[in-house]
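Colleague: Handing you a structure now.
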Amino acid sequence: ATLQKSMAFFEALKKAQAIFFSYQNVFYMVVIPLISFATFWLFRKLYNYAENLVIHAFVFGTYMWTSVILGTLTLFIERPLLMFPILPLVSYTLIAYLYKSIYQLSWLKGIGTMILVFAIMMLFSTVVQLGMSIYFLVT
-5 ATLQKSMAFF EALKKAQAIF FSYQNVFYMV VIPLISFATF WLFRKLYNYA ENLVIHAFVF
55 GTYMWTSVIL GTLTLFIERP LLMFPILPLV SYTLIAYLYK SIYQLSWLKG IGTMILVFAI
115 MMLFSTVVQL GMSIYFLVT
């Protein structure tokens, strides 16, 4: 009985993840206002909420096109697997640099802001996927 419940939950989670990844752009549209509120609360004196929305749209857009360009470059490299550890490092360094520059922070605080943003995204993603999984189990 426990194995059947575990398998049912696993199947529901797989279905929820498939839907989540199919609508990942919607996820970003929802999570950017949450992240903007968090950074507005942290850096109230620098930018208002609307400006934080624009900042995070810019940062996420920059992250996306950088990832696409770097990912495309791996097609022309003889051993693309060697690039996989480098790609996130370059992307995360870029994001930390953007936060450092935009919010006028030290490198450490820029990295901390990036970690906060990713923590909010991961928490929201987990809640959404678990919620969908439970919904699929119940229905």
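Just so we're aligned: 14 in the numbering used here is position 20 of the sequence shown, and the numbers increase by one with no gaps anywhere. Positions of the beta carbon are idealized from the N, C-alpha and C atoms, including for glycine.
1) Mind pulling the alpha helix (DSSP H) runs of 4 or more residues that sit fully within the segment 12 to 38?
2) Closest Cβ-Cβ distance between S95 and chain D: below 7 Å?
3) By a C-beta neighbour count over all protein chains shown, 10 Å radius and 16 as the cutoff for buried, is S0 buried or exposed?
4) How many whole angstroms separate the CB atoms of F118 and L28, which I take to be in contact at a CB cut-off of 8 Å?
5) What do you reckon, are the CB atoms on M108 and A10 nearer than 7 Å?
6) Under 8 Å: do the segment 18 to 34 and the segment 49 to 56 share three or more Cβ pairs, one atom per stretch?
7) So, T68 versus M58, is the Cβ gap smaller than 7 Å?
8) Pairs of beta-carbons, one from the segment 82 to 101 and one from the segment 18 to 25, closer than 8 Å: are there three or more?
9) Cβ of V25 within 7 Å of Cβ of M115?
Modeller: So, from the data block:
1) 18 to 36
2) Among the protein chains of the structure shown there is no chain D, as only one such chain exists.
3) Along the sequence shown, read from residue 1 onward, the residue named residue 0 stands at position 6. The residue is exposed, with fewer than 16 neighbouring Cβ atoms inside 10 Å.
4) As a working note, residue 118 is residue 124 in the sequence shown. As a working note, residue 28 is residue 34 in the sequence shown. That belief holds up - the Cβ atoms of F118 and L28 are roughly 6 Å apart, short of 8 Å.
5) Numbered from its first residue, the sequence shown carries residue 108 at position 114. Numbered from its first residue, the sequence shown carries residue 10 at position 16. No. Outside cutoff.
6) yes
7) Indexing the sequence shown from 1 puts residue 68 at position 74. Indexing the sequence shown from 1 puts residue 58 at position 64. Contact: no.
8) no
9) Start at 1 with the first residue of the sequence shown, and residue 25 comes out as number 31. Start at 1 with the first residue of the sequence shown, and residue 115 comes out as number 121. Cβ atoms of V25 and M115: closer than 7 Å.
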